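S.K.: Take a look at the following structure, please.
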Amino acid sequence: MAQKPELAGRSIPQAAQLPAVSGLGLDSDKARFRLIDTLAHSHQLDAALVEVMRDVPRHRFVEPAFASRAYEDVALPIGHQQTISRPSTVGRMIDRILRHLSGIDRKHLKILEIGTGCGYQAALLSRLFGEVYSIERIKDLHLLAKKNLRGMQCFNLRMIFADGLKGLDQAAPFDAIIAAAAGDAIPDAWMQQLKSGGILLTPVSTPSGQVLEQVISLGHGNFQHLQLDAVRFVPLLHGTRS
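Following our numbering, the numbering of the sequence shown begins with 80 at its first residue and continues without gaps.
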């Protein structure tokens, strides 16, 4: 019998105000604000997204050895051969979702994240959208993300330990699906779990390197594909790892 995905035992509460951090060099509030404001200007990010990125402390999601680099626009290791994505990459992907779904009240939108990692992007998504599901295939990272998000109070976030290639059929359809790992092709399960009019963003491996691909569901099994920027993500793997 197939094993059902493991849902986190409790939801994570919504957007509690975290204490300010200062005097820690590049992991300080000032450094965070400077980076996010630069990204907002460079990429014309949605104002609500900018506010959330200023509010969520990225250095709390990286290993202590790399905390001083949390507010550089770089990917950083989080263990298990995985990384936390560049803030600019995270921002541009979420911004595309926000703009595509701008005509709908965000509190009514349901989002699926493939690859929780350390939980940073899940924290951003939970503050922007009404209902968020996040899948992680590596047990230790699933537990790490739960630990990192403890006290951040995101009641609308469900964290699942499961094979992300299968998506999450029991919670489908989704208004948006966002993936943080690159495969050779987009899994059929993701496409089928996307609501008509919804948007899917995922890196895809090509012979010339990885590219970010946007998929819009047109309904009735029809999809519109658009290749965007060159990107660099960890590989998309099947199964789970305890």
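We treat Cβ as the ideally placed atom computed from N, Cα and C, and that holds for glycine.
A quick note: this is a predicted structure, and the numbers were derived from the prediction, not measured.
Measure the CB-CB distance between LEU118 and LEU191 and report whether it falls below 8 Å.
M.R.: Cβ distance not < 8 Å, so LEU118 and LEU191 don't count as in contact.
S.K.: DSSP puts ALA309 in a beta bridge; with which residues?
M.R.: Its beta-bridge partners are VAL290.
S.K.: Go ahead and label GLY288 buried or exposed: buried means 16 or more other beta carbons lie within 10 angstroms of its beta carbon, across all protein chains shown.
M.R.: So GLY288 counts as exposed.
S.K.: Roughly how many whole angstroms lie between the Cα atoms of ASP242 and LYS218?
M.R.: Looking at the two C-alpha atoms, the distance is approximately 11 Å.
S.K.: Which class does GLY276 belong to by DSSP, given the choice of helix, strand or coil?
M.R.: Looking at GLY276 - three-state DSSP - the assignment turns out to be strand.
S.K.: Verify whether the separation of the beta carbon atoms of ALA255 and PRO282 is less than 8 Å.
M.R.: The answer is no: Cβ separation not under 8 Å.
S.K.: Express the C-alpha separation of VAL153 and SER321 in angstroms, rounding to a whole number.
M.R.: Answer to the nearest angstrom: the Cα atoms are 28 Å apart.
S.K.: When the Cα of ALA201 is compared with those of GLN306, LYS225, PHE302, GLY182, which residue comes out closest?
M.R.: Among GLN306, LYS225, PHE302, GLY182, the Cα nearest to that of ALA201 is on LYS225.
S.K.: Would you call the stretch 181–196 and the stretch 256–275 in contact, with 3 or more CB pairs under 8 Å?
M.R.: Touching, yes, given that three or more Cβ pairs across the two stretches are closer than 8 Å.
S.K.: When we look at the beta-carbon of ARG216 and count the other beta-carbons within 10 Å, is it buried (16 or more) or exposed?
M.R.: By the 10 Å Cβ count, ARG216 comes out buried.
S.K.: Measure the alpha-carbon distance for GLY262 versus PHE208 and round it to whole angstroms.
M.R.: GLY262 and PHE208: Cα-Cα distance of roughly 26 Å.
S.K.: Please determine if the stretch 166–181 and the stretch 123–134 are in contact, where contact requires at least 3 C-beta pairs separated by less than 8 Å.
M.R.: Yes: the two stretches touch, three or more of their Cβ pairs being nearer than 8 Å.
S.K.: Just to confirm, are PHE253 and LYS274 a CB contact at a threshold of 8 Å?
M.R.: For PHE253 and LYS274, yes; Cβs fall inside 8 Å.
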